[in-house]
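Shown next, in C-alpha cells, is the structure this report addresses.
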Ligand SMILES: *Cc1c(COP(=O)(O)O)cnc(C)c1O
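Quick look at the structure:
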C-alpha cells in the first residue's frame, strides 16, 4: 500500500520538495531557472499515483515495464501526460514502445533502433530518443560503450522516424557529491565531443533521487526521479 492511498497530499508535497531541490541546484550551479525538466518515474506505482502527480502539475512520467505502462495508459487515456520509456528495450516490445510512448531514454542497440524507426506510426511524428551510455564498463549494465557512440550515431542517421535528442546514463550509486559527479561529467564531455551543429544532442538524461544535484551541476536537462516523489516502490512480489 502506497502512502498516497491514505493521504492524497503526500505526492503533491513530495513533488513540491523535488521541484525545490531542482530549483536550488539550478541556482547553485549557475544553470538557468527552468532549464532542468523533471521526469516522474512512476514504474511499479499505481495509476492513482500518476493521477495525483498530474493534478499537482506533473506532465512527464517514466515507465520501465511495457505491459504495466500500457495498462496504466489505457486506464488513464484521458489524462494529458507524456509517457517516457526508461527501461531496457526488448526486441519483442519495440512495436508497443514505438506506438505508445512519447520518448525512449535507453536506446543502445542498432537492431532496436531500426525496429523502433520502422514501427513508429507516421502520424505520431519522429520518436525522441536518448542513447544510453555505460560509463562503468560493467558488462552486466545496459548501455553503449562511449567509444562505440560515433558509429552508432552514424548508423542511426538513416532512421528518420527517430529523433536523436541526447544521451542518458544510469551510474552505480556513489556516496558523495564528488563521486556522483564523475560519471555525469564524463557523459557531458562525451556529448560535447560528438555533438555537431546538425546533431546537437542537447538532452542529458541523468540524475535520480539520490544524485540529482550532482547531475544538475554537470548539465542534466532531464532528471528521472521516482522515490522522492512517490515514496519507496512497492515490491513486485
Ligand atoms: C527507477 C529508475 C529511476 C528512478 O530512481 P529513483 O532512485 O527512485 O529516483 C530513474 N531512472 C531509471 C532508468 C530507473 O529505472
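Residue numbers (the numbering used here): 1 to 237.
Glycine included, every Cβ here is placed at the ideal spot set by N, Cα and C.
In this text the structure is predicted, and so the values were computed from the model without any measurement.
Taken from the Cβ of residue 37, every heavy atom of ligand 1 lies 7 Å or farther away. For residue 38, the uninterrupted beta strand (DSSP E) segment begins and ends at 37–41. Relative to ligand 1, residue 43 has its C-beta within less than 7 Å of a heavy atom.
For residue 226, the shortest separation between its Cβ and any heavy atom of ligand 1 lies below 7 Å.
Comparing C-alpha distances from residue 205 to each of 62, 139, 119 shows the shortest one belongs to 62. In the structure shown, residue 133 adopts extended strand secondary structure according to DSSP, grouped into three states.
For residue 152, the uninterrupted alpha helix (DSSP H) segment begins and ends at 149–156. Contact annotation: the stretch 58–78 does not touch the stretch 20–28, with fewer than three C-beta pairs closer than 8 Å. By DSSP's assignment, residue 163 forms a beta bridge with 128.
DSSP, reduced to helix, strand and coil, places residue 224 within a strand of the structure shown. Here residue 213 is buried: its Cβ has 16 or more other Cβ atoms, across all protein chains shown, within 10 Å. When 66, 55, 92 are compared, the shortest CA-CA separation from residue 79 is found for 55. Around the C-beta of residue 224, 16 or more other C-beta atoms lie within 10 Å, and the residue is accordingly described as buried. The three-state reading of DSSP puts residue 205 in strand, counting E and B together. In the displayed model, residue 104 falls within a strand according to three-state DSSP.
In terms of side-chain proximity, the C-beta atom of residue 206 is found no nearer than 7 Å to any non-hydrogen atom of ligand 1. For residue 73, the three-state secondary structure derived from DSSP is helix.
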